[in-house]
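**Q** Structure below; questions to follow.
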Amino acid sequence: MEHIYWIITDMIFIADLIIRIGLSLRVIMRKRAASVSLAWLVVILLLPFVGAIIYLLFGENRLGEKRAKRAAENVSFLRDWSLRLAEKSDVDWQTINPECIPLNRLITTIFDIPAMQGNDLQLIDTSDHFFTALIDDINNAETFCYLQFYIMFNGGFADKVTEALMKASQRGVACKVLLDSIGSKDFLKSPVPAAMRADGIQVVEALPAGLFRTLFVRVDLRNHRKMAIIDSEVAYTGSQNLVDPKFFKQESGVGEWKDSMVRIRGPLIEIMTAAFLYDWTLETNVSLDTLIEKKRLFSPEDAGDTVVQLVPSGPGFQENAIHDLL
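4 is the number of the first residue of the sequence shown in our numbering; add one for each residue after it.
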């Protein structure tokens, strides 16, 4: 009996040693920031088995095989699109600011997204002004309304956005709403999404979360994108979620949240539309080339003189990209 005990003990020791060495090599080969790699090495080496479990749950960007397959299916389309986009980008950095050239090259190398000129940007520094402008643009929409937010919460202006979308859908406007599963869980569990779908609005849950999914994907990786695109004519992005601060988390006792958004007109909208549709394809079974109405996507005209280069982030994109650029 004692002999069997020592055999089992040795097997556990050897298994633990192999796991620690294997995961340590994996961490080193990932070539992440030194502080991040060191932290994971400490967890793996100091916590037998537990450290390995923690790393497997939170140390890698595991987003699921189906999601990875959908992303791979769109690679060729995105490559062709980025080449066409580069042909239309004629920013003269030597004239504007030569110091921006290295940063522009780095962003283009990482994301294949060039800087676009001819944009008009309007800063909106209050929630009321943002919602008023967004609702007005939705009411004037003729072709499509694409909304993507981390949090949507019923009440106040958020209800008015829902009403505007339902009216837009009823008059033939294609409306798509993409909401994070965790950030918008209260809204998604409410009766409102069903009512929106009944009116023809496509409401999709991004990165679905659940106890069972924790075993296979990183449920802590969330999509925090906040943007709205209407008719390829106007777009919004910034820090504001689809929540009215007068109704959201009032019980927390910290006062109203203060956020800002930017209203955009011009060629940048093409890139924002592609970013939205890319995320949409990852949550649905529709391919990008099927989704995109090319004439609408590639048609925004110059609306100003501002040069903007979009840097996407989040699950599925290069880790620490924005941190490295800063």
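Heads up, the beta-carbon is just placed ideally off N, CA and C, and yes, glycines get one too.
In this text the structure is predicted, and so the values were computed from the model without any measurement.
#1: Tell me where the beta strand (DSSP E) around residue 239 begins and ends.
#2: Can you check which of these residues, 55, 272, 30 and 200, is closest to residue 22 by C-alpha distance?
#3: How long is the line joining the alpha carbons of residue 28 and residue 315, rounded to whole angstroms?
#4: Tell me whether residue 187 is buried or exposed, calling it buried when 16 or more other Cβ atoms sit within 10 Å of its Cβ.
#5: Restricting to runs no shorter than 4 residues, where is the alpha helix (DSSP H) found entirely within the region 37-64?
#6: Residue 205 bridges to which residues according to DSSP?
#7: Under 8 angstroms Cβ to Cβ from residue 50, same chain only, skipping five residues before and after it: list those, please.
#8: Which partner residues does residue 150 have in the DSSP bridge list?
#9: Identify the continuous beta strand (DSSP E) that holds residue 127 and give its terminal residues.
#10: Take every Cβ of the region 139-157, pair it with every Cβ of the region 117-124, and state whether three or more of those distances are shorter than 8 angstroms.
#11: Using the C-alpha atoms, what's the distance from residue 259 back to residue 97?
#12: Taking the alpha helix (DSSP H) that residue 135 falls in, what are its first and last residues?
#13: For the putative contact between residue 134 and residue 251, defined by C-beta atoms under 8 angstroms, what is the C-beta separation to the nearest angstrom?
#14: Under 7 angstroms Cβ to Cβ from residue 138, same chain only, skipping five residues before and after it: list those, please.
#15: Look at residue 234 and residue 144 and say whether their C-beta atoms are less than 8 angstroms apart.
#16: Spatial neighbours of residue 275 within its chain, please: C-beta separation below 8 angstroms, excluding the five flanking residues on both sides.
#17: Taking the alpha-carbon of residue 86 as reference, which of 181, 247, 245 and 112 has the nearest alpha-carbon?
#18: Would DSSP call residue 355 helix, strand or coil?
#19: Just reading off the beta strand (DSSP E) that residue 108 is part of, what are its end residues?
#20: Given a cut-off of 8 angstroms, decide if residue 248 and residue 130 are closer than it, judged by their beta-carbon atoms.
#21: With H, G and I counted as helix, E and B as strand and the rest as coil, what does DSSP make of residue 287?
#22: Which residues share a DSSP beta bridge with residue 328?
#23: Look up residue 11 in the DSSP assignment and say whether it is helix, strand or coil.
#24: May I have the straight-line CA-CA distance separating residue 198 from residue 172, to the nearest angstrom?
#25: Quick check on residue 268: does DSSP put it in helix, strand or coil?
#26: Can you tell me the Cα-Cα spacing of residue 7 and residue 13, whole angstroms?
#27: Any idea which residues DSSP pairs residue 245 with across the strands?
#28: Which same chain residues end up closer than 6 angstroms to residue 227 when comparing Cβ atoms and leaving out the 5 residues on each side of it in sequence?
#29: For residue 280 and residue 288, I'd like the C-alpha separation in whole angstroms.
#30: Could you check the C-alpha separation between residue 108 and residue 37 for me, to the nearest Å?
#31: Span of the beta strand (DSSP E) holding residue 311?
#32: Tell whether a beta-carbon distance below 8 angstroms holds between residue 184 and residue 208.
#33: Measuring CB to CB, does residue 124 end up less than 8 angstroms from residue 310?
**A** On the basis of the data shown:
#1: 237-241
#2: 55
#3: Their Cα atoms are separated by approximately 29 angstroms.
#4: buried
#5: 37-49 and 53-61
#6: Secondary-structure assignment with DSSP links residue 205 through a beta bridge to 179.
#7: 57
#8: 180 and 231
#9: 119-127
#10: no
#11: 44 angstroms
#12: In the DSSP assignment, residue 135 falls within the alpha helix (DSSP H) that extends over 130-142.
#13: Not a contact, Cβ separation roughly 12 angstroms.
#14: 163, 164 and 167
#15: yes
#16: Cβ within range, chain order: 230, 232, 238, 240, 267 and 313.
#17: Nearest option by C-alpha distance: 112.
#18: The chain is shown only over 4 to 329; residue 355 falls outside these bounds and no answer can be derived.
#19: Where residue 108 is concerned, there is no enclosing beta strand (DSSP E), although the alpha helix (DSSP H) it sits in stretches over 104-114.
#20: yes
#21: coil
#22: DSSP output for residue 328 lists no bridge partner at all.
#23: helix
#24: 12 angstroms
#25: strand
#26: 10 angstroms
#27: 155
#28: 153
#29: 12 angstroms
#30: 25 angstroms
#31: Note, residue 311: beta strand (DSSP E), 309-311.
#32: yes
#33: no
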